[in-house]
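Protein chains in written order, with the numbering used here: chain D, 1 to 439; chain W, 1001 to 1300.
Single-structure report; data block below.
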Amino acid sequence: MKKVFLIIEREYLSRVKKKSFLILTFLVPSLFIAMYAAVFFIYKNEGESKKEFLVLDESGIFKNEFKNSETTTFKYVNGDYEANKSKLKNEKDLLLLYIPKDYASSNDIEILSSKKPGFSLLSDVEKQMENIIQNKKLIAAGIDTAILKSSKTQININAKQLTDEGEKDANIGATYVVGFISSFLIYLSLFIYGAQVMRGVIEEKTNRIVEVIVSSVKPFQLMLGKILGIGAVGLTQFLLWIILSTTISVIAGKFLAPDQQVIKTEKVDATATVNNDANPTKVQESPALKFINAASSINFPYIIGSFLFYFIGGYLIYSALFAAVGSAVDNETETQQFMFPITLPLIFTFIVGMNVIINNPDGPLAFWLSMIPLTSPIAMMIRIPFGVPTWELVLSITLLIAGFVFTTWIASRIYRVGILMYGKKVTYKELAKWFFYKE
Amino acid sequence: MLSIRNIVKEYAKHRALDDVSIEIEKGKIFGLLGPNGAGKTSLIRIINQITAPDSGEVYFNGEKLNPQHINKIGYLPEERGLYKKMEIGEQMLYLAQLKGLSKADAIKRIKFWFEKMEMQTWWKKKVEDLSKGMQQKVQFVATVLHDPELIILDEPFSGFDPVNAEIIKDEILELNKKGTTIIFSTHRMESVEQLCHHIALIHKSHKILDGSIKDIKNVYRNETYKIKYEGSLNLSQYSNFEVIQEAILDEIQEITIKLNSGISTNDVLLELIPQVQIKHIEEVIPSINEIFIQKVTALN
């Protein structure tokens, strides 16, 4: 065991001491800072500009029905469509909301502006109009105002659901992003660190140092030490990233915190009394801030914990396979033929994951791919932010552990023969033969 | 010190070692000789516990070979190398620790050897900055760092320039004088002939001959002599010997003769001295290489 630690130590230190490790370790959080800065910047910009709507309502239904908020005000205007349109010129915060007489049948409601309006601005106006029409229709259907008032609670629930949906929308966005990023990181890191193991094995083989070392330790110990050492490098990198990123987030959060607080309390008010005439102004949230809010509702320790587990599990499986490939060849160009079956499940899962699983995280394909040990690290990381039943998680983890024990066993049987074979063009048949060699 | 008993080792359908038994005495230099592919490296890998035999046993100092013995053996493989990007000192430290030395001991021993081999300034150097000959020296030091009881050198002088080969040879002899047992494994039999006390010849996974060099040569010498002289002789008139070879070198005649049974060199000289001027006479002792070829042809 002491010898395995020596090998781990060498593999670890020889990589961590490299300049490229330091550069990568600090480059990624800097990108994170840049991203935060961008979000902050966008939020600042959006937050500052107040939009004014000129409501040209030919139907007359919406007169004085829109609610002003801190960032949007509604002004009701009369007159010609073209005349009003001309007012917009060079006014970047002025918008014209045009509602024709037959808006219901023609569906010709327009928002005109000199600058493209934001998505959330549009959806807010749409939502308000839907609410207004809904109320009007209920009244028109003969439901008197008393009943409407008494059924207010119900309408409120409806309205709340709507806003909830809005929130859920944002959350799905955040979940989506977290799933995407974490599975992409796993995908990438399995390749990066797996390839490092493979290159390390090839290096030892082509350097011809391997026979010197296996006269001191068992081939399995050497393989294990290399895999664990490089894995520790990966973990160190991730931990440094997490620590640096969290520190940055906390600092960045301090800047944003006061604004977020206000919005949160107002949101509660808004949802509670959204249809009340006396309701306070509904705050217009910027999408960026929405995302930050949604992101803060995600259980990061749980995500990070599962991420680290699936990284370790997936890494152990793939690095063992990569080590076996490295042992079978004399140089890196020969690895091609053996790389394909190893990278296939990775690439396949990633593509399927980004197209199918992320849109249907509880579907059968998502389920099976998150059970198979070769695919589960990527598939499961997409699903976890959406929520996965405990039994599925436990089963997936158990299968992953069993999977890496099994692949390590196979890989080590090929490895122990491969590292001592020189100048031989190896085929799959040959690999199978090696597997059955006695010690 | 090392007793190899009835080793059989098979790879897939190829039998690399077939019932090979060898005894190696403590403090001796032993030559494991045979052409490429005969099974030498397979046997060495078994002694180093890199692979295990299919049947048969190896005893080290009377104990059945076990992982504890790994630290008592120093092995210089035929396919040898070092980490290119690692500092020499660090590399030595790593390899010594893998052989079970503590860090402090390892540093002490590395310093000792670096001084002995005049490598003190190499500690911070990387392998890629060293010449091939320097790398070989480093490699040799790595093999002997942990003060092994048994040193196994597979094709030790291949790739060495003559100067370094001589240095290494002297170091090996010095270690042997202190009691270290040495195994040379090589297909270039002439390169170790003078060094070895004992040899074993391996051919096509079988041991075909073993014993002390002296004994083997005694068996294979066959009353053949080389004589150089000035003057001329009618060679066909002599009945005491048979001429195998004739040559003329700068006015000097050289003949290789085989004595007929019961005849001594003195008898021949008495006959020849009145006729010609004798310049030189020596017994032709077959080289191990020749013995090997003789033995293999005899087997066929």
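A virtual CB, placed ideally from N, CA and C, is assigned to each residue, including glycine.
Could you pull the start and end residues of the alpha helix (DSSP H) that residue i belongs to?
{"i": "W:E1118", "result": "Run containing W:E1118: none; DSSP gives neither H nor E here."}
{"i": "W:E1174", "result": "P1162 to K1177"}
{"i": "W:K1009", "result": "Premise fails: W:K1009 lies in the beta strand (DSSP E), L1002 to Y1011, not in any alpha helix (DSSP H)."}
{"i": "W:D1210", "result": "First-last for W:D1210: H1206 to S1212, but that is the beta strand (DSSP E), not the alpha helix (DSSP H)."}
{"i": "W:K1226", "result": "W:K1226 -> not in any alpha helix (DSSP H); beta strand (DSSP E) instead, spanning T1224 to E1230."}
{"i": "D:K463", "result": "Coverage of chain D is limited to positions 1 through 439, which leaves residue 463 of chain D absent and any answer about it impossible."}
Let's see if you can read the secondary structure: which residues bound the beta strand (DSSP E) around residue i?
{"i": "D:S59", "result": "First-last for D:S59: undefined, no H or E at that position."}
{"i": "W:G1074", "result": "I1073 to L1076"}
{"i": "W:G1056", "result": "S1055 to F1060"}
{"i": "D:K101", "result": "First-last for D:K101: undefined, no H or E at that position."}
{"i": "W:F1157", "result": "Run containing W:F1157: none; DSSP gives neither H nor E here."}
{"i": "D:E110", "result": "E110 to S113"}
{"i": "D:Y76", "result": "T72 to V77"}
Can you check whether the C-beta of residue i is within less than 8 Å of a C-beta belonging to chain D?
{"i": "W:K1099", "result": "yes"}
{"i": "W:M1001", "result": "no"}
{"i": "W:I1168", "result": "no"}
{"i": "W:R988", "result": "Residue 988 of chain W cannot be examined here, being either before or after the span of chain W that is shown, 1001 to 1300."}
{"i": "W:W1123", "result": "no"}
{"i": "W:N1006", "result": "no"}
{"i": "W:A1142", "result": "yes"}
{"i": "W:A1012", "result": "yes"}
{"i": "W:P1156", "result": "no"}
{"i": "W:K1137", "result": "no"}
{"i": "W:M1134", "result": "no"}
{"i": "W:D1054", "result": "yes"}
{"i": "W:M1092", "result": "no"}
Can you tell me which of the three DSSP states residue i falls into?
{"i": "W:H1187", "result": "coil"}
{"i": "W:F1112", "result": "helix"}
{"i": "D:Q161", "result": "Residue confidence is low: D:Q161 scores 33 on pLDDT, short of 50, so the model does not pin down where it sits. Its coordinate-derived value is still stated next. Correct three-state label for D:Q161: helix."}
{"i": "W:R1080", "result": "coil"}
{"i": "D:E52", "result": "strand"}
{"i": "D:D362", "result": "coil"}
{"i": "W:A1016", "result": "strand"}
{"i": "W:A1038", "result": "coil"}
{"i": "W:H1197", "result": "coil"}
{"i": "W:A1247", "result": "strand"}
{"i": "D:D269", "result": "Confidence is the limiting factor: at D:D269 the pLDDT is only 43, short of 50, which leaves the residue's position unreliable, though a coordinate-based value still follows. Residue state, collapsed to three classes: helix."}
{"i": "W:E1025", "result": "coil"}
{"i": "W:K1064", "result": "strand"}
{"i": "D:K433", "result": "helix"}
For the putative contact between residue i and residue j, defined by C-beta atoms under 8 Å, what is the C-beta separation to the nearest angstrom?
{"i": "W:K1258", "j": "W:E1242", "result": "5 Å"}
{"i": "D:S183", "j": "D:M381", "result": "4 Å"}
{"i": "D:I384", "j": "D:S306", "result": "5 Å"}
{"i": "D:N84", "j": "D:L96", "result": "5 Å"}
{"i": "D:M223", "j": "D:A328", "result": "Going by Cβ atoms, the distance from D:M223 to D:A328 rounds to 13 Å, so no, they are not a contact pair."}
Examine chain A for any beta-carbon lying closer than 8 Å to the beta-carbon of residue i, and answer yes or no.
{"i": "W:K1072", "result": "In the structure shown, chain A cannot be found, because the protein chains are D and W."}
Give a yes or no on whether the minimum CB-CB distance between residue i and chain W is below 8 Å.
{"i": "D:K17", "result": "no"}
{"i": "D:K438", "result": "yes"}
{"i": "D:S412", "result": "no"}
{"i": "D:K3", "result": "yes"}
{"i": "D:E165", "result": "At D:E165 the pLDDT is 41, less than 50, meaning the model places this residue with poor confidence; the figure from the coordinates comes in the next sentence. By this cut-off, D:E165 is not an interface position."}
{"i": "D:V214", "result": "yes"}
{"i": "D:S20", "result": "no"}
{"i": "D:I209", "result": "yes"}
{"i": "D:R199", "result": "no"}
{"i": "D:S327", "result": "no"}
{"i": "D:Y422", "result": "yes"}
{"i": "D:E266", "result": "For D:E266, the predicted structure reports a pLDDT of 43, less than 50, and the residue's modelled location is therefore unreliable. A value from the coordinates is still provided. Not one chain W Cβ lies under 8 Å of D:E266."}
{"i": "D:K429", "result": "no"}
{"i": "D:L6", "result": "yes"}
{"i": "D:S245", "result": "no"}
Worksheet entry | Validate contact between the stretch 1073 to 1084 of chain W and the stretch 1135 to 1155 of chain W using beta carbons, cut 8 Å, 3 pairs | yes
Worksheet item: Are the stretch 1142 to 1150 of chain W and the stretch 1244 to 1257 of chain W touching by the rule of at least three beta carbon pairs closer than 8 Å?
Response: no
Fill in: Touch test, the stretch 94 to 113 of chain D against the stretch 51 to 61 of chain D, Cβ-Cβ under 8 Å, three pairs minimum
yes
Item to complete: Report yes or no: do the stretch 1041 to 1052 of chain W and the stretch 1009 to 1017 of chain W share at least 3 C-beta pairs separated by less than 8 Å?
Response: yes
Discussion item. I'd like to know if the stretch 426 to 438 of chain D and the stretch 405 to 416 of chain D are in contact, where contact means that at least 3 CB-CB pairs between them fall below 8 Å.
Written reply: yes
Fill in: Inter-stretch contact at 8 Å, needing at least 3 Cβ pairs: the stretch 1060 to 1073 of chain W / the stretch 1117 to 1129 of chain W
no
Discussion item. Three or more C-beta pairs under 8 Å: does that hold for the stretch 1275 to 1295 of chain W against the stretch 1224 to 1238 of chain W?
Written reply: yes
Practice prompt. Assess, as a yes-or-no matter, whether the stretch 10 to 19 of chain D is touched by the stretch 232 to 251 of chain D under the definition of 3 or more beta carbon pairs within less than 8 Å.
Written response: yes
Worksheet item: Is the stretch 119 to 131 of chain D close to the stretch 82 to 92 of chain D, with three or more CB pairs under 8 Å?
Response: no
Worksheet item: Using 8 Å as the Cβ pair cut-off and three pairs as the minimum, do the stretch 1088 to 1106 of chain W and the stretch 1125 to 1134 of chain W touch?
Response: yes
Discussion item. Measuring CB atoms only, is the stretch 1199 to 1209 of chain W touching the stretch 1013 to 1026 of chain W, in the sense that at least three cross pairs come out at less than 8 Å?
Written reply: yes
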